[in-house]
Structures are given as C-alpha cells and as structure tokens.
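Counting in numbering that gives the first Met the number 0, the sequence shown runs from 0 upward without gaps.
This report refers to the structure that appears directly beneath it.
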Amino acid sequence: MPDHTQVEPAVVHSEPAYAQIDFVGAFTAASGSCVYTGGAWPAEWNAAHFVCEPTVNLVHCDVLEEKGVTYTARKQSGGEFLRSKDLWFRPVHARVGPDGALYVLDFYNQAVVHNDTRGPKHGPTNAALRPDRDHEHGRIWRIQHKQAQQIASPFPAGAQPREVAEPALVAALASDNQWARTTAQRKLVERGADWAPIAQLAGAGATWQARLAALRTLRELVDLHAGQDRADAAEASKSFVAAAEKALRGDERSERRGSARLLASLAPARFEASEPWLWSIAGDDPRLRLQAAIALQATPDSEVMGGLVWESCEDDWCRSAALGIALANPSEVFRLANEVSGESSMIPPEDFAALVAARAAERDGRERVLELVRIFAQPKHLEPAFIAACIDACANCKRPLGPAQTSAEDLAALRALLVAPEPVLSRAALQLCGKLLMPGELADDIAAAAARQQELLEDAELPLDARRDAFFALLALPEHRAEALGACDDLLSAGAGEATQSAVLDALGALDDPAAGAALALHFGRLSGAPRERAFELLARRPAWASALLDRVEQGGLTPAVLGPQKMHRLRTHADAAVGARATELFAKLGSATSAKIEDLVAQLLPEVDRAGDAANGKLVFAQNCAACHVAYGAGGKVGPDLSGMGAHGARDLLPVILDPSRNVEAAFAEWVAVLKDGRSFGGVLARDAQESVLLKNSSGDVEIARADLAELRNTGRSPMPGGFESLGAAGLRDLIAYLSGPYAGWRVLDLRGVATRNSLTGLYDHRRPNEMLKPKEFGVLPIRGVPFELLDPARAQSGCNAIVLKGGSAADWDCKLHAPKRVELTVGAQVERVHVLGGIAAWGYPFHKQKDPILKWTWIYADGASEEVVLHNGVEFGDWIARHEVPGSEYVDGVLADDSWGQLRYHALAPKEQKPVAKIALESYDTLYAPTILALTAELPGAAVVAQPERAPELPEGPLDALIFGGGSSHDFGKWFRDADLANLRGAKLVAGYTERVEELAAALERTKVLVLCNNQPIADVALRARIFAHVDGGGGLLLLHPACWYNWADWPEYNRDLAGGGARSHENYGEFEVVRSAAEHPLLEG
C-alpha cells in the first residue's frame, strides 16, 4: 500500500553528507528484512515485518495482509518503529532472538560504506578487508516489548544444543519461539532421531505451531531414513502422510498451508493423496489451492490433472502451477476437456489452453502436435474457436514441425479439420498443414480450403480481422502464397489502421521468401508512421529484399524522394557491398537527369547570386513567394521549416535547393496525398499520423481525415514547395538569400552533414554507452560567442550523425578507435578571414592525459592547389570532453548544452596565412590516445560583422550582496548543491545572496560583496582578478572556501593555498568528528 513506501525520519537534514539524493522521503537503502516470530510480544506483533533504512536512521515496521497468494503491506502505526536524531545511527539488519526480543545491528558510522568490489581481499563474510573500513563503532541493540511474555528456554542453562537430550529437543518443537523450534528441528535431523515421538507430536501437539514444527522435522527424517535403508523407513513415511493429511483437513489455515507444502515435496510414488488434493483445490484458500496445484504437477492421477484445477487459474502464480500440471500430460488434459460436458470446469480457459498447446509443441515437437490434432479432429464439447486458438499456437511455435512424411491416421485428422464447415477451423488447419506436410500431401483438400480462405480474404464486406486471419493462413502455404500477396492491398491500406498493418508486416517479415520482400517493396510507398519504418527495417535486413526495394525504384514505381535522404543513405551504406554499390549507382543515375539541368542553372546564376544583396527587397520577395508556407524571423506560415538565418549557408548551398526543392526533402516536410473513399483527395505535409485520423497541413490550412474514410494515403516523396524559382532572376534570388542571412551576413556555416561521424545523443564515442551524450539545448543556426554556428539535429541528418569524431582513443574496443575515420574534408569555396571552431574537446583529452601531444592536423587547401598545415595539441586547444577543463588555447562555452548533458564545449578560431580562396579544409587525427571532436565550423568572410548575442538574464541580484558564491568546474553538481541548496539556505536567513560560474560576473560583483564564497573547480586565470580577491580579504571582506576550493588545484597560484586557504587537501580524508573553535565572533561570516 502507498503508506508504507514513505519514511518518516526523526529529523530531515539538508547537509550534503546526510541528505538523501535520490528517492527523497522514500526507501533508498532498505536492508535487514525480518518477520517477527519470537512468541513473546502481544499477538498483534506476530508476523510483523521489520526493515532497516540506514540512510535516514530508522527501522520501519509493516503489517502484512494477505492478498490472494501473496501479501500487501501497510504501516504498523503512525511514525516509525524506531528512529533516531543521532546521524550515526545506521541500522542495517534485524533478527529475532531466543528470548523473543528484536536485535538490531547498527553500523554506527557517519556513512555506511559500500563494500569495495574492485581489488582488496574479502573475508569469510565477503567484507572487503581494507584498512580504512571501521571496525570499532558497530553496535547491537536489543529491543523488547514492555508486555513481553517470558520465553522459557527449552535448553538447560549453560548447555550447548549438541548436549541436549533427544526428549528435550522434541519438547522444544512446541516452544512459542521460532528460533527454538528450528534449532531443535535441525539438531534432531542431524542426529537421525527416533521418528515415533515426533510423529506423535505432529498428530496431537497442543498448538498448530508445535504440530507443524514436528511435521517439518518428520518430513526431513523420512528422507533421511529412506536414504539409510532403515527397516522402519516405510512406516515413518506412512506416519508422515497420515499426520499431513490430518493437518490438511484441520481448522487452522496456517497448518493446512504448511502441511500442503510439505506433502507437495514428497515423491508421488510414496503416497496416494488425490482426495485431499481435490478437497484443497475446491476450498476457498488461494494459498492452499496454489500448494495443491504445485503438488499435482507430480501426481500421475489424470482425473486430478484434468479436474477442478482450472478454477484456481485466477492469478499468475496459480496459472504457472496449473501450466505445470497441464504440461505433465497435455494430451490427456485436452482429451478430458473434449470428453466432458461443455459446462464442466475441466475445460481450461481458451487463452490458457493456447498457452499449454504452444509450450507442449515447443517442448515435444511434431509428435505432440499430431497427437493434439487427433483429439481436435473429433470435437465433442470443445468450441471451434477454442480448437483454432490451440492449433494456431502450435503452428506459430518456434520449433520446426516438419515437413515430414505423415501417417494415414494423422492425414485423416488434418483432413477432417480442413473440410470442417467452420471457417475458423479450416483456416487454422491450413496454417498447420503448411508446417507439417510434405509437398503433395492432402493437396486437393488444401487447395479447396485455400480457395475458401482466398474468398474470405477478397470479401470487402468482411471485418478486417477475419480477412487478416485468412491472409495469415494462406501465407503459410508456399503454393498459395502468391494469391495472398496479391490480395493484401486493403490490409496495408491507410484505413486498415496501424495495428493491422503492423501485424501483416510482421507476418511477411517472418518469411524467408523473395516474394514477401517484393510485396513489401510494392506497398512501401503507401505506408506511414511506425508501419513505414518497420517495413523499411524488414526490407533492409535481407540483401535480396533490399534489392527488391531497389528494383521498385529502378522500375519507376518508387522514387528516391519517397525513400527520403536517411533511407537512401542506409541503402548506400548497406552492409552488403553489392546492395550498397547498386544503390549508390542507381540514385546517382536517377538524379543525374534533373541534376544536370539544375546544375546548369546553378552554374549560370551563381556568379550573380553569390554577391551582396538587398535584404530589404529580399524581405518583399519572401513575403510574396515564401511566406505562405515558411516562417522567417517570426513572420510567415508554418507548413515548411523555419528559414530564419538559413542565408548563413550561402548561395552555393542554398541555390540548388531553391531551384530544385525536391532534391533533398526531409521526411517531416514531404508532401503526402490522401485519397478518400468518396473520390476526393487532399495534399500537404503529414502533421499528425494517429490511430484514428491523419492531419494534413498546407498553405490553405489544415485538413483532418478519419482513417475510416481513407482509401489511400501515400508519400509523393516531393516537397510541397513548387519549382521554377529561377523566374525570380539573379537579383531576386540574391536579395532573398540576403534577407534570409539576417544578422549573419558575411558568415558561412560549413556543412558538416557529409562528414559528421557520430550521433552525440546516443553514445558520443561508443554505442555501448548511450548515456554519455553531448546534448545541445536546441538545434539550428545559433549565435555563440558572436559567431553563427549550426548545431545539426541528428534526427534530420541523412547519416543520423551530428558530430565529427576522428579516429583515436585510449580504449581499443571503443567505436571511436575501431570505426571512426582518420581524415575528413569539408568544402569551403571562398576567401575567409578565419574559421571558428565549436569543439576543442576529445575523449581522453587533458587532464586525463596531460602531455601536450599533437591531436589534430588542420590543412588549408587553397583553390590554386597550395596547402598549409596547422597542428593542434592536447592541453592547448583541446581538453577532455567529459567536464569543464580549462586549456589555454580555447575558451569554455557556457549555455549551449542542456542541463542533462554530459561534457563541455570549447571555442577557438584559426586564420589562414594566405589571403586567397580556400577550396577545402582537411581535418586529420593522429590515431593516438585521443579522439578529437568538433560540433560546428563557421567561416568568417571579409567584412563580416560580429553577431549580437542574445541578452542573458543576470544571475546576480542588484545592489550590495551579503554573499556571492562562485562555483563551476568538474566533479560536482554545482547547480544543485552550491547554487540551489546553498542559496535557499542563505535567502531563507533573509540574506541577499547570488551564485555565478561566470568569471566576468565575479569580477563585476566583487566590489559590492560582503562575503565571497569560493567552491570552484574551474580556474581563475585572470591575474588582476586574483589580486582583487586578495585585496577583498585584506580590506576586511569575508571569505569562505568550500570543499572544491580547498584542494591544491592551482600550481600557478601558490599564494592561494599558502595565504588564503592556509593549506589544502590532496585527497578525500576519512569521515569523522573535528573540533571547531570560534575565535572571531564579530566576523561578518558569523553575524547572526
């Protein structure tokens, strides 16, 4: 129940060393589960459940309440059973003692240290043997109820259990304390005690606990004596069975359950107990029914197997036990079910029966399936739907069932099902025949049944489910598969719905048949959403099927544009080299006719268009020709993508797209056509593709269409944007691009789409580490450090990649070391002042490896063929990616990555020595310890203006500050603790406080700060700011250094630790108490 999942500690602490950091207010370290069985406390405590929670210093108590065969729990009362304000109280385990008291093991320490699994040796209890583990503070608490009864010890004072006589041990089985009972049981069995007095106690003990303890002991002795071939072993076994059957019929529920569990563990050949088991199953105790069902898995009594047990299948535990019973002899279960009246409980539920049939088929194979077929071929009381469900389950099992020669008897049974008047039986039998029979067996009967199913498949008046089932039956028969594949149009139509489409696709995907691949390729263009993606995955899996898709493209039935850029890329880079080569050649060939015309236009217009334009006139051109569908700088329609800042790509990249909008259409902006059953049609971007309806968006508005009204929904592969924009002339196009450049005139973002090698959102350096991601807050062209950078969205890139990661790394089996390219080249095609870099990071970069090795070779390749090399270094331009690490040759970039992103981004720029056009830039790694990484590159053209940065909201309050916290760097969640938690505490005390990680804000606010709080792992490199911090302290200003700021971090600033910190830390010391002396109460830090 919900009330027992929350904890109520005596005091809630916000100090980082003691605060819960996950599942706050709930269990985070539950341990030491213990059920009270001491017998001394009042009755309401019997079976109370105790659990320790060391994180919040308490022991929790639950009341267990039965729920079917299991339990639910609720809190025993308000508050907690045991809790403490002592922060070192760390209960980790609890047990009930011989005196009926509860004993709690208290780790008693500032923290419960995790057991070190890495290198140290481990002792006999698996505890790491480390010198820094505490061995002194642990304690054990004894907790006894005020109204506890005195528990008389069954053992003489001072005697060890091994010294106690047998009669005393037998007497101890009747103790109220479970420890005493189980100890006596163990010693009696170890001694091989005389079973007779124990059997007497099992049958006539004063309490049910005593009788059950004796019964458990007797059960162990039965096996022991049998193994020793003792003469009285059989008599002991009979005594046990008699006592257990008596207990099974008794009044005490717990005793009945215990005896059932013990009986269920006895080999069935040693007793015959059908009657009590049937009695148990028919009772109203679900736990007892479960035990009876478990026992019946081993009994040979078929009447018991088939009768009454299905009534116990009301929960997963009982269903599992009943499945075990049925699988002991599944044929007998179905035979009995078929023989009895249809009202009998001996017929299992249909879904359960199908599960039994499937498991039996997978376990036993062909012979078991044929045995079931012989039963189903003579139905008496089983419904056709029930039989069909079981046959389908057999046909769909993963174990091969044939084909093989089939006996006349089995052929007759299959024929009876094939010619059955009920279509559902005929359909199911067809599927099974496809798995069982050799070619030619029952050919005429199969042909007749297939013809009936073909009629059902083609009957447009039938429900789709019935037609789908007929389709599945025909698919199972290779000789009739072609007719089925030719009649599945309606099953894959837009009106069929995603569930039906997906089921049909999966059925086709399960076949290793080129015809199925051809059918998928034929219908691919009609699919949308998840079915479309599923169909492509199925086609791409098999080279022959991928070839069928390419056949469809080559024959003109499917255009490359319908596939879209990402799927074309997948085919070009297919794992099968022949498929990849064919796709590359085919797409190039199909694009060459239109490309040639467009390239001629581009060549004609580019010299005039690639010049400075009139942005004011371009705004008018946009309003007249583009704004109906596109938005730019907040104005226009929203059918197509936002074009704000797109001019930064330059005329060389944009002009081909403007002249030929359909050459490279993103899937999200392709044009779809919906044809309705009444003959009307609509076109537009598919804005919503839901189960019940689709929404098309075009320049005239939105149209929502119910799937039930759809006759066809297809992707044209084209852009809704029309062609013919060359009619605007060179001047109009030039002005349009100038307007779309907006504030980015004079800048050119370099296109990384063709050279990006990794998706930074799904494991930047290795696919096995998907959480290690570099995640921008947003994608697109963004002003960063006065430069427009384009951050690619991997979901919209052809390759699915958005970052350049070059070959290298310190882990030999990581993707960046195995699969990343060593060199890439980017087209520039212009004279540049410099190229700005958003990256400057590497896997295993500084300070992971501190040596200043060459990490990246940057080569300017000029248009005249000359080249110029620049070598970039680890620890200079490049730092480790995983967190902020300062290096002198690049600057940390703040505010670009999302809050849940790993890592850092850095900025630097490079300028060519020659003032002449740059054709390309080559980037090459040295394939050493590092994997250099770049996210964006932007060329600054001569005369480009600095891009204005968006206004950042000030992080600090205005006016005088009581406290200024400066943080940032690696290894800590500065935002959560030093900003959110510390500011909340300070502001709660009515203090004016601020937090920043920006060095420039620290410099600007220091003069108005009363107390400076340093908690930074990032360096303060500005020598003047360092001097001002000393001047702040010398002038009486307060200074507080928190954990990260107390280390020896700054080798180039020795005065910091020597004069400000008065020392420093080089490692994490052991936790423990320490003395604090307040020597200057009047200091500003201690005011209040």
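Here a beta-carbon is modelled for each residue, glycine too, at the ideal position from N, C-alpha and C.
These figures come from a predicted structure and were not determined experimentally.
A Cβ-Cβ separation of about 6 Å places Glu771 in contact with Trp901 under the 8 Å criterion. Under a 10 Å Cβ-count criterion, Arg883 is classified as buried, with 16 or more other Cβ atoms of the shown protein chains found around its own Cβ.
Per the DSSP secondary-structure output, Tyr906 pairs in a beta bridge with Leu837 and Glu890.
Distance from the Cα of Thr1008 is smallest, within the candidate group Asp444, Ile964 and Val870, for Ile964. Within the same chain, Cβ atoms closer than 8 Å to the Cβ of Glu824 are found at Val754, Ile860, Lys919, Ile920, Ala921 and Leu922, the five residues on either side in sequence being excluded. Counting along the chain, the unbroken beta strand (DSSP E) around Pro782 starts and ends at Gly779 to Ile783. A residue is called buried when at least 16 other Cβ atoms come within 10 angstroms of its Cβ; Pro130 does not meet this threshold and is exposed. Out of Ala205, Gln148, Trp140 and Gln143, the CA that lies nearest to the CA of Ala171 is found in Ala205. In this structure, the beta-carbon distance from Gly741 to Gly799 does not fall below 8 Å. Ranked by Cα distance from Pro721, the options Lys989, Asn108, Val664 and Leu694 are led by Val664. When the Cα atoms are used, Arg1027 and Glu885 turn out to be separated by approximately 21 Å. Counting only runs of at least 4 residues, the segment 625–673 fully encloses the following alpha helix (DSSP H) elements, listed from N- to C-terminal order: 650–658. Short of 6 Å from the beta carbon of Ala627, and not among the five residues preceding or following it, lie these beta carbons of its own chain, in chain order: Gly636 and Ser698. Taken through DSSP and simplified to helix, strand or coil, Asp701 comes out as strand. Around the beta-carbon of Leu1039, fewer than 16 other beta-carbon atoms lie within 10 Å, marking it exposed. In this structure, DSSP gives Tyr102 an extended state, which the three-state scheme calls strand. Taken atom to atom, the span from the alpha-carbon of Ala110 to that of Phe88 is near 9 Å. Using a 10 angstroms sphere on the CB of Asp61, the tally of other CB atoms reaches 16 or more, which defines it as buried.
For the segment 367–418, the full-length alpha helix (DSSP H) segments reaching 4 residues or more read 383–394 and 407–417 along the chain. Judged by their CB atoms, Pro719 and Glu670 are nearer to each other than the 8 Å cut-off.
Contact annotation: Gly516 and Leu538 have beta-carbon atoms nearer than 8 Å. Here the alpha carbon of Asp961 sits roughly 37 Å from the alpha carbon of Ile840. In the DSSP assignment, Leu1040 falls within the beta strand (DSSP E) that extends over Gly1037 to Leu1040. Excluding its 5 nearest sequence neighbours in each direction, Gly974 has C-beta neighbours in its own chain below 8 Å: Asp898, listed in chain order. Leu790 and Arg905 have their alpha carbons spaced roughly 14 Å apart.
About 6 Å separates the CB atoms of Lys821 and Asp926; that is less than 8 Å, so the two are in contact. Taking all protein chains shown into account, Met437 has fewer than 16 neighbouring C-beta atoms within 10 Å of its C-beta and is therefore exposed. Rounded to whole angstroms, Leu781 and Pro787 show a C-alpha spacing of 5 Å. According to the DSSP assignment, Arg255 belongs to the alpha helix (DSSP H) that extends over Arg252 to Ala263. With three or more CB-CB distances shorter than 8 Å, the segment 827–842 counts as touching the segment 935–950. Distance between Thr499 and Ala666, taken at the CA atoms: about 23 Å. Between the alpha carbons of Arg260 and Ala291 lies a distance of about 8 Å. DSSP places Pro853 in the strand class (E or B) of the three-state scheme. Runs of the alpha helix (DSSP H) spanning 4 or more residues and lying entirely within the segment 745–828 occur at 814–817, in chain order. The alpha carbon of Arg767 has as its nearest neighbour, out of Ala475, Tyr743, Gln148 and Asp812, the alpha carbon of Asp812. Here DSSP, grouped into helix, strand and coil, assigns Gly731 to helix.
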